[in-house]
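A.B. asks: Letter by letter, the sequence shown follows residues 1 to 1161 of UniProt numbering.
I have a structure I would like to understand better, so I am pasting it below and will then ask my questions one at a time.
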Amino acid sequence: MRRAQPLQVRRRQSSSWLDRSIAFGWLNSELIGYLVLIALSVFMHLWQLGNMAMHHDESIHAKYSWQFYMGKGGFQCGIDNAASDTYCYNPVFHGPTLYLSTYLSYFLFGASDATARLPMAVAGIALVASCWMLRPLVGKRAALLSAGLMVLSPTLLYFTRFARHDALAILFTFWLMVGLFRFWQEGRSRWLNLAMASLALLWATHELVFIIGFIIISFLAQRWLWEALGSKKFVIASGILMAITGVLMIFQPHVSLPTAANQTANELNFGGLGLIGFSTLLFGQLVSLRWSEAPLFRQGLRYVNKRVFWQAFASFAVTFIVLFSTFFTYPRGIIDGLFAGISYWFGTQQTYARGDQPWFYYFMQLGIYELLPVSLTLVGLGGWLAKIGWRKAVTNSSIWDEAGEETAKPAADATIAEAVAEPAVVTIEPISDGVPVGENPVVVAGQTSYMAQAEAEIRETTFEETVPAIWLGFLFYWFLMALTLFSWAGEKMPWLTIHMTLPAVLAGAWALDKIVDRTNWAETKRSIAWLAIPLGSIAFALIIAIMGAIGAATGASQQVMSTRVSAFLLVVLLLIVGVLLWMLIQRARLRVIAACATLGILALLGLYSLRSSVVAAYIQPDVPVEFLVYTQTAPDMPVIVREAERLAISQTRNSRSIEDPTGGHTMKILISSGDESSPSREGGLNQPLDWYFRDWTNIQWVSKGQIATLDQTMLDAPMAIFSKSNLAADTTQRMEQAGYVQLYDTYHNWWFPESSSDGLSSYKDKLYDPAYGCDPAMKGQQDVNGRSKFNCTLGGAFILTWPLRPSNWVTMREYMLSRELPSTVSLGGREIVVFVKRDLANLPVGEGGAVAGTGSTLKLVSEGQLLGDEPAEPRGITTGPDGSVYIADAPNNRILIYQTDSQTKIISGTNTGALLEPSGVAVDEQGFVYVADTWNARIAKFDPQGNFVTSWGSGSEELQPGSGKRLTRTGGTVEGNNANPLGFFGPRNLVVSGGRVYIADTGNKRVVVTDTDGNYLGQVGTAGAGIGQFNEPIGLGTANNSLYVGDTWNGRIQVFPLDANGVPQATPSVQWPVAGWQTDTYLDPFIAVDTQGRVAAAIPSKNQVALYGATGQLLLVWGGQGNDDASTGQPSGMAFAPDGSVYVSEKANRRIQRWVLPKVR
């Protein structure tokens, strides 16, 4: 018997997904576009996310989330403020989604400024990615363009990097709207589930859900009425209701309401409700011009069977319950979520006008930051409605289509014929007892009466094609209603602008897509019509420049005449561009040229949007020259906190624990808690310091009354941070007697200027400007709800003509392009002072010594003085590229050059180059020498060999008759300075950096900027003591793309960021006092700035030199009266050498000494 052979089994080789090769067939240009935009969005949202000081509201949300994360309790719930140990919903602080998502952020990455903002940044990124869902509604290209416009939007970028609820709310609003219309289009239950879950998320984020809900419900209700009544009856019914609401809007009846805690009375004005009703009906009538009478609403309702309904309800209910109950830990939150929010929002927040902003507030916000999408939206709306008569419905064609109406109709008929001739798969539910069941597609073949009905409806309209048309009309309706509703609402804040920006971006992307689509690119390429794109950009830029020139060309001064000549030349250039465009029209159709020129203008607006985003989000996010900034914590506050941390660690480093591993959190600090007699606790520094000092255990919050009576038991704190409004008259004196010195005098928070010195220049002043038909006698009056009263013709509608008036064009251009504010407005805010114990403060302890590091006394000895010709009175000093030292020897009318070969060279100039008491000197990288030729009122330029090259600047009069000293007086005013950009009054100093010459026009209280050939580029400063103003500016230096200015008679140093053209911005990023700089003295203290931004400042009144950190921290003081090697007799000029040592010129000792500084920080 044969032996059985073992069975051969071929083992199947296992295959892991890790072994599989990747095919990239799914990758196309559209997907690459989304990936690029999402990657760019990730970078823009996460880069420098923690760089901005925490805003007042941000600090509340961050601290509240931190309490939740740490389990510290202390929460107040609902409108009755019931106590809870876990997080619970309180409508004052809005919904739970922010706090839950921030909890997760803290859990993953720890608590910090950046992680507090991270959920909002993720929402901003998700918003860009979610544009993918728009494709069936608007098309692939328009959806991609929507994502691109979102990335460009300054408003969306700024407030999706901001720890407030609005970024989350706008994401959930987007999902809600898209989910509803995708369900309406496709009938798939997942889209309705998304919409309902998003509604719950939005409800759990912000009470603005009621405004968003009103917009969508009012739109759908009008669509339903259109179908139910028919177009004629709808128009009649809507017209009657418009008449009723119009009467309410005009006569404004009102009733009394219950008052809030901080109100004496409360009224509901039916005029506002009339405005809302009238606008709702008006905008409904507007979009209905493009509606057909197809039963779209009824068809959409057929998708909602029992299963779909209960799934959607469950999506809403589960999301709502889980969030408002804080994952079932606080069940009462469900009831609060249903009722507390709407009660608070309607009863308090909207009747009480927080911020008291004018009705045109959002028109300004959108005009400054969202020109591109708003312009596209308005153009798109006009094109969408063009050639449509009243009650005429056109759903299949418009002037935006490539084909005209005549060619579109046969195409539509062909589509219908095709649908009837052969079976078509459509998403229409079979009906059982009048209710659609299931979601499976059926074949239309005419077998049943229901199928015949479906066929008839297909003849009327193609469902998938019509819902996108309804969506487009809804976008316009959404934008117009959001602008109206938020402008009516009592609270107007910059972060709410994103609720108007989103629909503008979506509608604008559709319009841009249509412009691109209607452009015949083959003809454009063949006829070089593409040249219209750059020509359109140039023409638009020239028009802006001409507007600015026209606005400045008023008066009869030489500068005005020059401006008029410039305007004429610009007009000539514009005519040349116009001729070139006309020549292109001869080669291509007008329609193609117009489309290309429009794209050129839009490209320029896109660049403006990008620049606005970068400046607002990264360069000056917490400086209120940006209209987006409101009640923003000043950038000095984090600096003060870091100083407190450094001081605390050095004081308590041995008091370490698991909770405080580095030591420092036990140091005592006194902080203002506000005026106890004020309902709002005016002067309280709880926000943001309650967040910044969240881990500290010995913070002593003291009220205004307690500050007035501080005793010795409180005055053992190393640091005190007090609001100026909380100080008593003798507080500073008492603190000094207790051993404190004042380390900082700065802002706690600040906001965009809301008032002006002339009463006409700020945006709020327009409500009282007779030029716009408004009554100035109403200024300062408020109604019981805290809203400013005004009385203007047509409600102040003429205020919207402000940008069209030539007298405003210069102001508009300067602000839009460089964020430069008018000279008549100044930044306002709440001020603080910081006191530190003298032995800890890094401040001078007396004459003739140096304080460094932790306060130990040092005796610095110089490395010796420069040898060579002795100056009579050395002033400005600088070093050259070869290491030579240049000194302005004013009385001898010369520049001394101490060369590295120990020889002394002299520049004095001859004939036209002769100097007259030069005070300042600078050298560029090529060795050219620039001299502040003080009493020739000019800047003189010499080549490296000392030969005179050129000069710029002039003096229109003599200082004294026969003295030969020339000057031009501008008065230090905006008008005078602008009229005489190169008319100097005793320029004392200058500095050269990056091809720019910065000139201290001391007598005219400004700094002028030119290029190295003397061409005027700009200026900063006017006479005064306000922020950005000067009184005898002398010292200058540059570092870190900023200009440092020694504002001598104001006793301070101001630091101005430079714009892309090297011109200082109008508002300094930081300033600090210089003890010893006095008014009405002529000792000419200069400053020097090293590459790290450290500032050496001469203090001649004390015979000392002070060294400051880049943000004003005093690091070192040395010198003293005398003439030995450790003294500095009336120091004046300052210069850092390449090796970090410092040259100091001394007037009293007529010498220049070199000092090597110790390492201090």
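Ideal Cβ positions, reconstructed from N, Cα and C, are used throughout, including at glycine.
Predicted model only: the values in this text are computed from it and were never measured.
Flag this pair as touching only if the segment 88 to 107 and the segment 331 to 341 have three or more C-beta atom pairs under 8 Å; answer yes or no.
C.D. replies: The segment 88 to 107 vs the segment 331 to 341: in contact.
A.B. asks: Go through its chain and collect everything with a Cβ distance to residue 77's Cβ below 8 Å, but skip five positions before and after it.
C.D. replies: 83, 84, 88, 89, 90, 330, 332, 333, 336
A.B. asks: Any idea what DSSP makes of residue 356, helix, strand or coil?
C.D. replies: Assigned with DSSP and collapsed to three states, residue 356 falls in coil, not helix or strand.
A.B. asks: Please report the straight-line C-alpha distance between residue 57 and residue 1093, rounded to a whole angstrom.
C.D. replies: CA-CA distance, residue 57 to residue 1093, rounds to 32 Å.
A.B. asks: Might you give, ordered along the chain, the residues of its own chain that have their beta carbon closer than 6 Å to the beta carbon of residue 605, omitting 5 neighbours on each side?
C.D. replies: 371, 372
A.B. asks: With DSSP as the reference, identify every bridge partner of residue 1106, one or two as the case may be.
C.D. replies: 1097, 1117
A.B. asks: So for residue 379, helix, strand or coil by DSSP?
C.D. replies: helix
A.B. asks: With which residues is residue 1033 paired in a DSSP beta bridge?
C.D. replies: 1047
A.B. asks: Start and end of the alpha helix (DSSP H) containing residue 978?
C.D. replies: 974 to 979
A.B. asks: Where does residue 1103 land, buried or exposed, given buried means 16+ other C-beta within 10 angstroms?
C.D. replies: buried
A.B. asks: Counting pairs of beta carbons, one from the segment 493 to 510 and one from the segment 361 to 370, are three or more of them closer than 8 Å?
C.D. replies: yes
A.B. asks: Decide yes or no for the touch test of the segment 537 to 544 against the segment 162 to 180: beta carbon pairs closer than 8 Å, at least 3 of them.
C.D. replies: Verdict: no, contact absent.
A.B. asks: Starting from the N-terminal side, write out each stretch of the alpha helix (DSSP H) that is 4 residues or longer and does not extend beyond the segment 697 to 721.
C.D. replies: 704 to 708
A.B. asks: At 3 residues or longer, and completely inside the segment 657 to 696: list those beta strand (DSSP E) runs for me, N to C.
C.D. replies: Taking only runs of at least 3 residues, the beta strand (DSSP E) segments lying wholly in the segment 657 to 696 are 669 to 674.
A.B. asks: Determine the direct distance from the alpha carbon of residue 916 to that of residue 880, and round the result to whole angstroms.
C.D. replies: 22 Å
A.B. asks: For residue 641, which option in 694, 1121, 957, 1030 has the closest C-alpha, if you only look at C-alpha atoms?
C.D. replies: 694
A.B. asks: So what does DSSP say about residue 632, is it helix, strand or coil?
C.D. replies: strand
A.B. asks: Measuring straight from C-alpha to C-alpha, what distance separates residue 720 and residue 1067?
C.D. replies: 28 Å
A.B. asks: Using CA coordinates, which residue listed in 1061, 1088, 1051 is at the minimum distance from residue 1080?
C.D. replies: The alpha carbon of residue 1080 has as its nearest neighbour, out of 1061, 1088, 1051, the alpha carbon of 1051.
A.B. asks: Among 50, 64, 368, which has the Cα closest to the Cα of residue 812?
C.D. replies: 368
A.B. asks: I need the straight-line Cα distance from residue 1083 to residue 1120, nearest angstrom please.
C.D. replies: Those two C-alpha atoms are separated by around 16 Å.
A.B. asks: Sort 564, 791, 183 by Cα distance to residue 297 and report the nearest one.
C.D. replies: 183
A.B. asks: Quick one: which unbroken beta strand (DSSP E) runs of 3-plus residues sit fully inside the segment 750 to 774? Chain order, please.
C.D. replies: none
A.B. asks: So, at 6 Å on beta carbons, what are the nonlocal neighbours of residue 802 in its own chain, with the 5 sequence-adjacent residues on each side left out?
C.D. replies: 808
A.B. asks: How is the beta strand (DSSP E) around residue 952 delimited, first residue to last?
C.D. replies: 948 to 952
A.B. asks: If you draw a straight line from the C-alpha of residue 1013 to the C-alpha of residue 950, how long is it?
C.D. replies: 8 Å
A.B. asks: For residue 822 and residue 761, I'd like the C-alpha separation in whole angstroms.
C.D. replies: 7 Å
A.B. asks: Suppose the cutoff is 6 Å on Cβ atoms and the five residues either side in sequence are ignored; what does the same chain contact list for residue 527 look like?
C.D. replies: 587, 588
A.B. asks: Give me, in chain order, the residues of the same chain whose beta-carbon lies closer than 7 Å to that of residue 48; leave out the 5 immediate sequence neighbours on both sides.
C.D. replies: 618
A.B. asks: Just how far apart, CA to CA, sit residue 1145 and residue 1077?
C.D. replies: 17 Å
A.B. asks: I'd like the list of long-range same chain contacts for residue 981, defined as Cβ closer than 6 Å, with 5 residues on each side in sequence excluded.
C.D. replies: 1016
A.B. asks: So, residue 1163 versus residue 602, is the Cβ gap smaller than 8 Å?
C.D. replies: Given a span of 1 to 1161 for the chain in the structure shown, any question on residue 1163 remains unanswerable.
A.B. asks: So for residue 882, helix, strand or coil by DSSP?
C.D. replies: coil
A.B. asks: If you check the beta carbons only, do residue 113 and residue 788 fall under 8 Å apart?
C.D. replies: no
A.B. asks: With a CB to CB cut of under 7 Å and the five nearest residues on each side skipped, what residues in its chain are close to residue 550?
C.D. replies: 567, 806, 809
A.B. asks: Between the segment 478 to 490 and the segment 103 to 121, do at least 3 Cβ pairs fall closer than 8 Å?
C.D. replies: no
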